[in-house]
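Engineer: Handing you this structure, nothing more for now.
Numbering (our numbering), first residue to last: 28 to 204.
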């Protein structure tokens with residue numbers, strides 16, 4: 028004959044109640060539709076025939092829907108070459124980003140078009156040229172108005188072997204919700 032054991036039933040019942048509560052309660056998603064993002068970051072950058080150097084960027088973004096942002100990004104880096112010394116690389120680009128809002132973690136990819144300049148011309152880069160590229164990143168929504176993230180960017184400068192590659196640890200302020 029089976030005996031009833033209430034001391035085993037209480038933890039099991041408690042676990043079932045907790046799981047039901049978590050599954051049935053409404054979770055807050057951090058969707059960014061019609062919101063502004065202002066931010067910046069520090070990191071590193073490299074380009075064709077330039078060594079890796081320190082970099083900084085600033086950006087503004089606007090959520091045109093819950094999955095798409097338009098972005099304007101500015102970046103600059105101090106890089107050196109073997110024969111030409113130090114050079115300052117700088118660029119600006121506009122991007123369309125596709126974001127996947129997963130509660131607090133927000134991965135995204137973007138296509139971009141822009142401009143790249145160099146204070147010293149080292150082929151295949153010129154002093155100023157158009158670029159096309161992409162951005163990939165992962166943001167973490169610390170709160171409704173503060174985000175932290177990592178972004179990697181690649182820009183092709185329309186000459187064989189001409190590229191600009193950078194990565195940033197970034198922080199942003201979100202407003203307009």
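Yeah, the Cβ is synthetic: ideal placement off N, Cα and C, and Gly gets one too.
From a predicted model like this one, the values you see are computed outputs, not experimental measurements.
Measure the C-alpha to C-alpha separation of residue 178 and residue 153 and round it to an integer number of angstroms.
Structural biologist: 25 Å
Engineer: Just list the residues that DSSP pairs residue 160 with in beta bridges.
Structural biologist: 139 and 182
Engineer: For the beta strand (DSSP E) that residue 109 lies in, which residues bound it at each end?
Structural biologist: Where residue 109 is concerned, there is no enclosing beta strand (DSSP E), given that its DSSP letter is neither H nor E.
Engineer: For residue 204, is the classification buried or exposed, using 16 other Cβ atoms within 10 angstroms of its Cβ as the cut-off for buried?
Structural biologist: exposed
Engineer: For residue 161, I'd like the list of residues in its chain whose CB is within less than 7 Å of its CB, leaving aside the five on either flank, ordered along the chain.
Structural biologist: 136, 137, 138, 139 and 181
Engineer: When DSSP builds the beta bridges, which residues end up paired with residue 64?
Structural biologist: Bridge partners of residue 64: 88 and 201.
Engineer: Assign residue 54 to one of two classes, buried (16 or more other C-beta atoms within 10 Å of its C-beta) or exposed (fewer than that).
Structural biologist: Because the pLDDT of residue 54 is 47, which lies under 50, any placement of that residue in the model is unreliable, and the number read from its coordinates should be weighed accordingly. Looking at its Cβ environment, which holds fewer than 16 other Cβ atoms inside 10 Å, residue 54 is exposed.
Engineer: Distance, Cα to Cα, residue 92 vs residue 196?
Structural biologist: 25 Å
Engineer: Might you give, ordered along the chain, the residues of its own chain that have their beta carbon closer than 7 Å to the beta carbon of residue 168, omitting 5 neighbours on each side?
Structural biologist: 57, 131, 133 and 174
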